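Under this note's numbering, the first residue of the sequence shown carries the number 18, and numbering increases by one thereafter. Data first, discussion second: the structure below is written as structure tokens.
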Amino acid sequence: MDSGQKQELLSVLHECMEVSNRCFDQCLQEENLEMVRNCIRLDRECADFCQYVEGAIARDTPFVEELLQACATICKACADECDQHDHDHCKRCAEVCYRCAELCEKFTAA
């Protein structure tokens, strides 16, 4: 992965972490928490993992491929869940998580 690709990946991981945290916070304010329970859980997992992977890549971890595979799985699960909800914050989270998962998969296939 060249420096431009690395920067693109770090940027998407950071954006995914931020958007997932925002979705998490906004879901907690919904009236029907039971309806968004799994969304809240997956937002938290996704945000935490993207933040970890961003830091690991920045410090040149030797486990990039393994982390990106796991990150793609987590981001896709979060996106699939968020995509089931009509809230704007969930739709935005799904969009960014799908993009992050796609980019993670791209760099594991290279």
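Think of the CB as a built atom: it goes at the ideal place given N, C-alpha and C, for glycine as much as any other residue. Computed from a predicted structure; not experimentally measured.
Neighbourhood of residue i by C-beta distance below 7 Å, restricted to the same chain and skipping five residues each side
| i | result |
| --- | --- |
| A75 | L27 |
| I91 | E62, C63, F66 |
Alpha-carbon spacing of residue i relative to residue j, whole angstroms
| i | j | result |
| --- | --- | --- |
| T78 | S37 | 24 Å |
| E51 | M34 | 23 Å |
| N49 | M18 | 44 Å |
| D103 | R109 | 10 Å |
| L85 | G21 | 17 Å |
| V29 | R116 | 8 Å |
| H31 | V81 | 16 Å |
| F124 | V53 | 31 Å |
Assigned secondary structure, residue i (DSSP; H/G/I helix, E/B strand, else coil)
| i | result |
| --- | --- |
| D77 | coil |
| E62 | helix |
| D103 | coil |
| Q43 | helix |
| V53 | coil |
| E98 | helix |
| E83 | helix |
| E71 | helix |
| E48 | coil |
| M18 | coil |
Nonlocal neighbours in the same chain, by C-beta distance under 8 Å from residue i, ignoring five residues either side
| i | result |
| --- | --- |
| N55 | E98 |
Contact under 7 Å by Cβ, residue i with residue j
| i | j | result |
| --- | --- | --- |
| L59 | C95 | yes |
| C67 | I57 | no |
| E122 | A89 | yes |
Close Cβ partners of residue i (< 6 Å) along its chain, the five nearest in sequence each way excluded
| i | result |
| --- | --- |
| A111 | A96, C99, D100 |
| E71 | L27, L30, H31 |
Minimum Cβ-Cβ distance from residue i to chain C less than 7 Å
| i | result |
| --- | --- |
| C121 | Within the model displayed, chain C is absent; a lone protein chain is all it includes. |
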